[in-house]
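Residue numbers (the working numbering), protein chains in the order written: chain A, 1 to 394; chain B, 1001 to 1394; chain C, 2001 to 2394; chain D, 3001 to 3394.
Protein chains: 4
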Amino acid sequence: MPQTCHVALIGQKFMGRAHSNAWAQVGHFFDLPLLPERSLICARDAAELRDFAARWGWQRTTTDWREVAADDTIDLVDIGTPNDMHREQAVAMLEAGKHVACEKPLAGTLDDARVMAQAAKRSKRSKTFVWFNYRRCPALALAHRLVQQGKLGTIYHVRATYLQSWGGPNVPLIWRFQRKVAGSGAHGDLNAHIVDLARFLTGDEIVEVHGAVARTFIRERALPGGGGGGKIAGQKAGVRKGKSDVDDAVLFLASFRGGAVASFEATRVAAGHQNRNTIELNGSQGSLRFDFEDMNVLHYHEGFDTSATSGWTRIMCTAAEHHPYAANWWPDAHVLGYEHGFINMAADVLRVLGGKRPEVPLPDFADAYETQRVLEAALLAAKERRAVKLSEVK
Amino acid sequence: MPQTCHVALIGQKFMGRAHSNAWAQVGHFFDLPLLPERSLICARDAAELRDFAARWGWQRTTTDWREVAADDTIDLVDIGTPNDMHREQAVAMLEAGKHVACEKPLAGTLDDARVMAQAAKRSKRSKTFVWFNYRRCPALALAHRLVQQGKLGTIYHVRATYLQSWGGPNVPLIWRFQRKVAGSGAHGDLNAHIVDLARFLTGDEIVEVHGAVARTFIRERALPGGGGGGKIAGQKAGVRKGKSDVDDAVLFLASFRGGAVASFEATRVAAGHQNRNTIELNGSQGSLRFDFEDMNVLHYHEGFDTSATSGWTRIMCTAAEHHPYAANWWPDAHVLGYEHGFINMAADVLRVLGGKRPEVPLPDFADAYETQRVLEAALLAAKERRAVKLSEVK
Amino acid sequence: MPQTCHVALIGQKFMGRAHSNAWAQVGHFFDLPLLPERSLICARDAAELRDFAARWGWQRTTTDWREVAADDTIDLVDIGTPNDMHREQAVAMLEAGKHVACEKPLAGTLDDARVMAQAAKRSKRSKTFVWFNYRRCPALALAHRLVQQGKLGTIYHVRATYLQSWGGPNVPLIWRFQRKVAGSGAHGDLNAHIVDLARFLTGDEIVEVHGAVARTFIRERALPGGGGGGKIAGQKAGVRKGKSDVDDAVLFLASFRGGAVASFEATRVAAGHQNRNTIELNGSQGSLRFDFEDMNVLHYHEGFDTSATSGWTRIMCTAAEHHPYAANWWPDAHVLGYEHGFINMAADVLRVLGGKRPEVPLPDFADAYETQRVLEAALLAAKERRAVKLSEVK
Amino acid sequence: MPQTCHVALIGQKFMGRAHSNAWAQVGHFFDLPLLPERSLICARDAAELRDFAARWGWQRTTTDWREVAADDTIDLVDIGTPNDMHREQAVAMLEAGKHVACEKPLAGTLDDARVMAQAAKRSKRSKTFVWFNYRRCPALALAHRLVQQGKLGTIYHVRATYLQSWGGPNVPLIWRFQRKVAGSGAHGDLNAHIVDLARFLTGDEIVEVHGAVARTFIRERALPGGGGGGKIAGQKAGVRKGKSDVDDAVLFLASFRGGAVASFEATRVAAGHQNRNTIELNGSQGSLRFDFEDMNVLHYHEGFDTSATSGWTRIMCTAAEHHPYAANWWPDAHVLGYEHGFINMAADVLRVLGGKRPEVPLPDFADAYETQRVLEAALLAAKERRAVKLSEVK
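Structure representation (C-alpha cells):
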C-alpha cells in the first residue's frame, strides 16, 4: 500500500496548471511508493484561486505562502512562482523542513541561486528538485542513457538551440520585456533549459565560455492597452511606444571539461519556430539529435565510420520494453505530448521521496546552481566582450 | 454552473484506460455545460476492477453490465468492450433511455451494426456516439475544416493507410489471431479508422469498391505458453504451432460519390511502422496530408498551380487562436499526444449532451454504420474477386 | 585501351536530351570496356535536328530512321521516340543486327510489346535494353542489393506510387490527353516505372491483379490556342473545350508469386507532387522505402522486432566504398540528380556490350514485356470490374 | 552565333574534375553569348595529365603554369590549385590580361588575399570570379532573390553550419592535418563557404566577431603507410603516430551591420553529417532555411505572425517558370545534384564575359576578400579570447 505525500503548490498560472496536472495524473499511470495528495494551493488572487482549486481538486487554499511553510501537514512544496520569488519561498520551506520542487531557472540572479543551493545543503532532511521537465521526455532520457552507456564515445560537439517566435515586432510591451520585472529575456527562460540538457546528456561540466552576444532587436514596442489618448488626430503613428530592455536573443560558445565544444542559442524572434528546443551531440562513436517539436523521436547515428546501411536512425521512443517511461503510457507510437514530461518528473520525485531510484537523474538545487553559473558566465562574456572561465563565476 | 453527467464505463482494458483518462481530464481543460462524474464502472474481473476503480476514481463498481442499464442515475454509458459485445449492451442501454458512447468499430458484424443503428434511430431521447478518436486530433479537425471551406476544391484522390507491426512472425497465436474470438484482423481494427476519416474529411460517401485483397501472411504461429509439454527435452524446434485465421492485412480501392478515387490499406506486419495512420487528399485547389506518428502536424499544399514559393506547408496545429481544441491546452508547439483525441472527444460529447455544438462533427451510430458497410463491401470484393457497389450492401 | 561503340539516337525531345547527355557524360566518369561515339542522330524536324546535333556533338544527322538501320557502322541504336513508333523501329534495328536500347514503356500496346520481345528472342547477335532509368538511382540499386542479400526476409508488402501534378484542370487539351495520339495517360507513363521497380526490387513476378480503377477527372479541357472565335459576345464561358479521353489516374492492387501484396497508383493530378516516385517494401526481416524527390536517400528499417535503438535509418547513398555507382561520382553527400540514372545506365549498357557485368540487372525486352503484361492486366481489371490472373494476359 | 571563350584550367584533382565538367556541360544546357573551348590544361604530373586531358577533352596540356600566362590565345584562366598557389598564379594571369576564375577560399592567408584583390583592382581589362559554387544552387539563388525582394524584412538571425565527418579518429595523418601544408583545417575550407553564403543571402557585411573557438579534437593520428617498420612483431599498439596541428572545428559568433546576429560552425568530425552545409535566416517578415543534403529544396516561412495555415513551406526549386536556372534543366522535381552549381556558375561567368547579367551576383576577388577578412577576425578572436571588430582586420 503506497503512503501519501501531501503536496502544496504555490502558483496558478501556466506552470501552476502544468504542475497540477502532473500531480493529478501521476497516480493514474505509475505505481509509486508514495501517492500525492493535492492538499494545499497558494496564490495571490483569491477569486481565481477558488476556481483553480475546484477545477484541479486542491483541497485547501491560501493567499499567504508563509502559511504553507507553517503547515505541518505538508511534505512537499512545489514552487511555480516568478523567478524573483524563488529564493525567499524556497529558503523558508527548507527551513521549515519541507521538500521543495522549484520551477526553473533556479532563481532570477546568481546570488539568489547560491543562497538557495546553500540552504539546500544545510538542510539535512529536505530533498530539492528543479523542474527541468525536458530531461523526462522519453527521447531525451534515452539519449542520456545511451551516452552513459558509452555509445557516443568521446563527445566532440554539443549544438543546442531554443528558438521561439512569440516575441515578434507586433507584440506590445508586456512585463516580460521589462528588465526590472522580468530579470532577463530569452536567456534565463530558454538557455536555462538547453544548458541543463547539455549537462544532463553529456554528464560533463562547462569550464569556459568563449564568447557571447545578447541582442534586443525590437527596442521599442507599443504600450499595452493601445494608449494614444493624448495623440493629435490624424497622426499616422498614433501608437505610443516604450522601451524594451531585455534580450530578445542570447548566443554563446562554450567548452566542456572533457573537451567538447558547444553552442547555445535562445531567441524569441525566430519566425516559424514555436518551441524549437533542439540539441545534438557528436562523438567519436556516434551522434544523437533531438527536436522538441517532434518530441517522441530521437535521431541516432551509430558509429563514426559508416557501412552500406548506416545513417541517422529515427527512433520512435514509445516502446514499453525498451524506452524510459514508455511502459507507463500507451502502446507503441501512441505518442506523448508536452505535459508528460511533467508527469514523468512527478513520478520520479515521488520515487525518490519514497526511497526508490528515479528513471534518470533528477536535478537538485546544487545541480541547477551549476546551470545558473553557466548562464552568468555567458552574460559576463557578452558584456565584457571576452572569454570567461567558469572559475571566475561563483 | 455546469450540471453533472453521470457516466458509467464498461471495460477496463486499453480502451477502459483511455476513456477513464478522458473523463478524468476533460474538466481540467474545458469549460463545459456538463461535467462528467465517474459514477460506475463495470468489468468481469472483480479483483482487477477494484484496483482499476480506485486508481481512476470511479465511485462504484459492478461485474454485471445489466446493472448499468438498470441504474436510473446513469446518464451516459461508455462501452469499451470487445466488438462482439457492443450490440447487446448498446441496445439494452438505449432501451433503458441512456446516451451511449461506443468504441469503434460499431460492431463485429454488419448485422449487429444495423441492429444498433436501428435501435439508435428508434430511441428518441438517447444520443449515440462512436469513439473514432482520430477525428479530434487537432490536425485532422483542421483538415476537415479546410475541406469544408472549399480549400481543396473538387477532391480527386484519397490515400489512406494504417500500418502497424505488432503482428510479426514471432508473435504467438493470441486470441486476436483467431477468427471465432476476434471477428477479423487488421480490417475491422484499422481500416475502420481510416474509412471513418476519409468520410469525415471529404464529407462524401463511398459508392463502389473496385477491388480488394485480404491476406494472412503468417498462417502458423507458436501456441502461447510455449506448449512443448510432450516434447523431448533438448529438441531445438520444440514449439507447437496453431493456425491463424484472421487477415494480417486488407487493401482495397474505392470511389466516392463526388468522383474521388481512394485507396485503403491496413496491416499489422509492416516492419518499422507502429501506428502509421496516414491520410492524404488531393483536390483541384490543393492537397492535405496527415501522419499520426507526427500527429501535431498537418501538411497543406495551397493551390494546384504553383508560384515561386509554393510547396507543402508544415502546419504545427497548436495555435490557440487558429486551431481546433488548441486554446484548451498548452502554448504553441507544446505538443499534444494520443490521449488528447479522447479528451477532446469527451468534451464534444458533453457539449452535445449539454445542448452545444461540437468543435467538429461527432459520429453517431448511423454514421458509423456507413463505415461498417464500406468495410463489408471490401470483404465481399476480396472474397468474390470483383467490384462491389455499396448499394449491394445493406 | 577501350574500343568504340558507335551509337545512333532516334529522337531529340525530352528523352533525346537525357540520352544525349548520358552518352556525352559516361566516358568522363566511368572506366569502360567500350567508349560511346555519338555517331548519328535521327529526328523528323531537320532544322531543329541540326541545332540539336551541334549542341550535343552528334557527328551526323538523318531525318529517316531507316537510314539508321541501313548504316553498317552503327553498333547500338537508342530509341527515344513516342511509344507507337517503338515496334517498327526496334524490330527493324534488330533485324539489321544492331543492339537496341529502347525508351520505356516497351510499347504502346501489349501486341507491339510481344512482337518486340519475340524479335529480340530471335536475334542471336543483338542485345536489348529498356530505359527504366530509376533502377540505376544508387539508392534503388542499393535497395535491390539488400533484398537480394535477404535483408528483408519474406516480402509481405509492396507499396508504390508515382504522383505528379502537371495535368491539372488548367492544362489545355494537348496531344497527351487524346487517346488516339497518346495511347494512354498516367498508366503507361508512370505505372510502367513503378511496376518495373517492384519487379526489380523484389526479384519476383506478379501473378494476379485484384482490382483496378482508371479515372479521367478532367473530362473537358480548353482547346489549345484559346479558340473562342465563334463564341457569342458576352458569354462567360468563352473558351472552347474538347474531350480528354485518357486516364488521369490508374490505381490497382496485385499479388506476387511469393505472396506479397502490392498497391500501385499513378496520377497526374496530385497537387503538390511533381515527381513523387515512391516505393516501399515490408518484409519479415525489415523494410525499405524510397522517394525520388529525395533521390539520394534510402530509408531502411533493419529487423522486424525492435531494440532500444531501432527505427528507420536514413541512408545517404553516396559513399564510394559502400554504394552502387558512388565511386564514379563525387565525395560523400555531394549529391546526384535525375540525369545520373541515365548516365549510370549508359555505363552498364556499355559494360554489357563489352562483356562485363552491369552493377545491377538491366531490363531487356523480355523483362519489359513482363511489366507490360501487368499493365494490361490492370486495364482489364478496371474495365471488367474483376480480378484478373496474369495467366489470362499473354 | 555565340563567340568562343578559350579556357585554360590549372589543376586536375577534385576541383579540376568539377570545373572540367562545368566547361564540358554548360554549352549543352545554356544558350550563351560565349561558348567555352577547353583549350589548355595545366598540372604537375605529366602522365596523369595526359589521361585527364583525353578524358575531359582538353586540347592541349602543359606542366608549367607560366606557359598559361604566356599563351596569348587564352581568355580565361580557371585556377583549381591548392590555396597557397592562388596568389602567384592569379596575379600573373591578371598581369597577363586574362580573366581569372579562382577556387575558394581566395587564398591561404589574408595577406595573399589582399594582394590578389589589389591586383584585380589594378587590372582594368580583367574580370575576376571566385568559385563559391553554392550560391548557384537554385534553392540558394531563390533565397537570395526572396531576401532582395524584402520578403524577410529586417534580418534578426543567421545560423550557418558546415558539418562533415570525413576527419574522424581513424583517418591517418594525411597532409590535410598538417598546418605547414594545408594552412588551416575546417575553417578555411568550410567556414569560407558559409560566410560567403551569409553575405550573399543577406546582402550585408559582418562588423564584429563576438567570440570564437578553434579545436583540434584528434591531436595524434596514425602515420600514413602504417609505419611500424621497426616494431616488434605481435605488439598490439604497433602503429606510429604523429601530431595533427590544424583545427578539426571552428565556431564563431558575429554581427552584421544591419543588426543581425550570426553563428557559424565548421567541423570535420560530426558523425552522421557528410556535407551538411546549412543556413537559416530569420527576419521580421519571415524565415528561410537550406540544407545542402536536400539541395533542391528551400524551406520558407512566410510572415512573422501566423494564420491557421501558416508554417514552413517546402519549396521544390525546380520549376522552369519560377526558379533560378531551372528552365535550363529538367522538368519539375527531376532534381539536380552537386555538380550543377558549378555548371550554373560557368554559365554566369560566360554571360558576364559576354556582356550579359548573371542570374544572381557572382563573387569577384574584392568580394571574396571580405569573406577572408571575416575568417581572419574569427581566428584572431579564438586566439586572443576576445571580441574583434572587423575594422581591426585589413
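Even glycine gets a Cβ: it sits at the ideal position worked out from N, Cα and C.
Keep in mind that this is a model prediction, so the values were computed, not measured.
Bounds of the alpha helix (DSSP H) holding Gly2016(C) are 2014-2029. If you look at Glu1339(B), you'll find it isn't in any beta strand (DSSP E); it sits in the alpha helix (DSSP H) that goes 1339-1353. Per DSSP, the beta-bridge partners of Val3158(D) are Ala3262(D), Leu3281(D).
If you draw a 10 Å sphere on the C-beta of Lys3180(D), you find fewer than 16 other C-beta atoms in it, and that means exposed. In the DSSP assignment, Glu3037(D) is bridged to His3006(D). Judged by DSSP in its simplified three-state form, Asp1248(B) adopts coil rather than helix or strand. At a cut-off of 8 Å between beta-carbon atoms, Arg289(A) makes no contact with chain C. Within the same chain, Cβ atoms closer than 7 Å to the Cβ of Ser1123(B) are found at Leu1094, the five residues on either side in sequence being excluded.
Under the 10 Å beta carbon count, Ala192(A) is surrounded by 16 or more other beta carbons and is classified as buried. Taking each of Gly2341(C), Cys2102(C), Arg2219(C), Leu2032(C) in turn and checking the Cα distance to Leu2076(C), the smallest one comes out for Cys2102(C).
Taking a beta-carbon distance threshold of 8 Å, Tyr3300(D) counts as an interface residue toward chain B. The bridge partners DSSP lists for Ile1194(B) come to none. Under the Cβ distance rule, Ser1284(B) does not count among the residues neighbouring chain D, no pair being separated by less than 8 Å. Using a CB distance below 9 Å, the part of the segment 3312-3336 of chain D facing chain C consists of Met3316, Thr3318, Ala3319, Trp3329, Trp3330, Pro3331, Asp3332, Ala3333, His3334, Val3335, Leu3336, ordered along the chain.
Closest by C-alpha distance to Met3345(D), out of Asp3332(D), Tyr3325(D), Gln3149(D), Ala3260(D), is Tyr3325(D). Residue-level contact by beta carbon fails for Arg2351(C) and chain D, as no gap is shorter than 8 Å.
Straight across, the Cα-Cα distance linking Trp56(A) with Asp45(A) is about 16 Å. Here the segment 3265-3282 of chain D does not lie against the segment 3099-3115 of chain D, with fewer than 3 beta-carbon pairs under 8 Å apart. Secondary structure within the segment 57-83 of chain A: the alpha helix (DSSP H) runs of 4 or more consecutive residues, fully enclosed, are 65-70 (chain order). Beta-bridge partners assigned by DSSP to Ile1206(B): Phe1256(B). Nearest to Ser3307(D) by C-alpha distance, out of Glu1376(B), Leu1146(B), Pro1172(B), is Leu1146(B). Taking C-beta atoms under 8 Å as the contact rule, Ile1315(B) and Leu1298(B) qualify, at a distance of about 5 Å. Rounded to the nearest whole angstrom, the C-alpha separation of Lys1241(B) and Ile1174(B) is 12 Å.
Within chain D, Val3335 have C-beta atoms less than 8 Å from the C-beta of Met2295(C), given in sequence order. Between the beta-carbon of Leu40(A) and that of Arg60(A) there is about 5 Å, and that keeps the pair under the 8 Å contact cut. Closest in alpha carbon position to Phe3365(D), among Asn3021(D), Pro3105(D), Thr3073(D), Thr3062(D), is Pro3105(D).
Inter-residue distance for Leu3110(D) and Arg3159(D) is about 24 Å (C-alpha atoms, whole angstroms). Close partners of Pro2169(C) in chain B (Cβ separation under 8 Å): Ser1284, Phe1304. One thing to note: Ala3096(D) has its Cβ within 8 Å of the Cβ of Ala3069(D). It is roughly 10 Å from the alpha-carbon of Glu265(A) to the alpha-carbon of Asn277(A).
The segment 356-371 of chain A makes no contact with the segment 3185-3204 of chain D, as fewer than three CB pairs between them are under 8 Å. Counting other Cβ atoms within 10 Å of its Cβ, Asp1332(B) reaches 16 or more and is therefore classed as buried. Those residues of the segment 249-276 of chain A placed with their C-beta closer than 7 Å to a C-beta in chain B are Gln274, Asn275, ordered along the chain.
Here Asn1170(B) is exposed, its C-beta having fewer than 16 other C-beta atoms within 10 Å. In this structure, Arg219(A) places its C-beta atom within 8 Å of the C-beta atom of Ser244(A). For a cut-off of 8 Å, the C-beta gap from Asp3247(D) to Ser3310(D) is around 41 Å, too long to register as a contact.
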